[in-house]
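A.B. asks:
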């Protein structure tokens with residue numbers, strides 16, 4: 027039983043669109059937990075932060091399934107926001123097929139993007155373009 031973040035990393039590192047932008051092997055795949063490593067200066071990159079995972083309860087206990095709220099911070103590269111937008115598009119395609127449950131080959135997975143913020147870090151030269159994608163992801167902690 028892997029954590030939701032472990033499931034995300036495993037499946038994202040095998041997703042061709044993300045591999046083309048973030049690196050092709052798990053050891054150099056630029057997808058990080060919560061924040062960028064201090065020595066990490068290679069962009070584009072993605073950080074993942076789980077900001078909520080309220081559990082659901084029924085009469086006889088807690089359900090193993092729940093919706094977790096996850097924020098993906100995308101750090102782009104280049105002189106404009108096109109690289110961050112390309113990573114965002116690949117992430118959206120990934121979330122459309124990401125499966126954190128034991129149900130295989132479902133026609134759709136109940137993952138929903140609920141927020142998309144476009145901005146940059148002005149303190150860096152050149153400006154580091156960023157996107158923050160806020161998603162509700164359906165997870166089964168027993169899968």
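In our numbering, the protein residues as written are 27 to 169.
Each residue gets a CB set at the ideal place from its N, CA and C atoms; glycine is no exception.
1. So if DSSP puts residue 163 in a beta bridge, which residue, or which two residues, is it bridged to?
2. Considering just the uninterrupted stretch of the alpha helix (DSSP H) at residue 28, what are its terminal residues?
3. Using a Cβ-Cβ cutoff of less than 7 Å, which residues in the same chain neighbour residue 90 once the five nearest sequence positions on both sides are dropped?
4. Alpha carbons only, please: which of 118, 30, 100 is nearest the one belonging to residue 57?
5. Strictly under 8 Å for the Cβ-Cβ distance: is residue 138 near chain B by that measure?
6. So the alpha helix (DSSP H) residue 120 belongs to, where does it begin and stop?
7. Counting beta carbon pairs with one atom in the segment 120-137 and one in the segment 69-81, are three or more of them shorter than 8 Å?
8. Bridge partners of residue 139, per DSSP?
9. Using the three-state DSSP reduction, which class does residue 37 fall into: helix, strand or coil?
10. Looking at residue 62: is its Cβ nearer than 8 Å to the Cβ of residue 120?
11. Cα separation between residue 112 and residue 130?
12. Name the residue from 51, 29, 150, 79 whose alpha carbon lies nearest to the alpha carbon of residue 103.
13. Under three-state DSSP, which class holds residue 79?
C.D. replies: If we stick to the structure as given:
1. The residue labelled residue 163 in the question sits at position 137 within the chain shown. Paired residue(s): 94.
2. Locating residue 28 in the chain shown gives position 2, where the first residue counts as 1. Taken as a continuous stretch (DSSP letters only), residue 28 belongs to no alpha helix (DSSP H), as it is neither H nor E.
3. Taking the first residue of the chain shown as position 1, residue 90 is located at position 64. So the list reads 166, 167, 168, once near-sequence residues are dropped.
4. Taking the first residue of the chain shown as 1, we reach residue 57 at position 31. Of the listed residues, the one whose Cα sits closest to residue 57 is 100.
5. Included in the structure is just one protein chain, with no chain B present.
6. The count along the chain shown starts at 1 and reaches residue 120 at position 94. For residue 120, the enclosing alpha helix (DSSP H) starts and ends at 108-123.
7. no
8. On the chain shown, position 113 is the one that residue 139 refers to. According to DSSP, which records beta bridges pairwise, residue 139 is partnered with 161.
9. Locating residue 37 in the chain shown gives position 11, counting from the first residue. Residue state, collapsed to three classes: helix.
10. The residue given as residue 62 occupies position 36 in the chain shown. The residue given as residue 120 occupies position 94 in the chain shown. It is not a contact, given that the beta carbons lie outside the stated cut-off.
11. Position 86 of the chain shown, counted from the first residue, corresponds to residue 112. Position 104 of the chain shown, counted from the first residue, corresponds to residue 130. Using only the alpha carbons, I get a separation of about 28 Å.
12. Counting from one through the chain shown, the residue named residue 103 turns up at place 77. Comparing Cα-Cα distances from residue 103 to each of 51, 29, 150, 79, the minimum goes to 150.
13. Sequence index remark: in the chain shown, residue 79 carries index 53 (1-based). The answer is coil: DSSP assigns residue 79 none of H, G, I, E or B.
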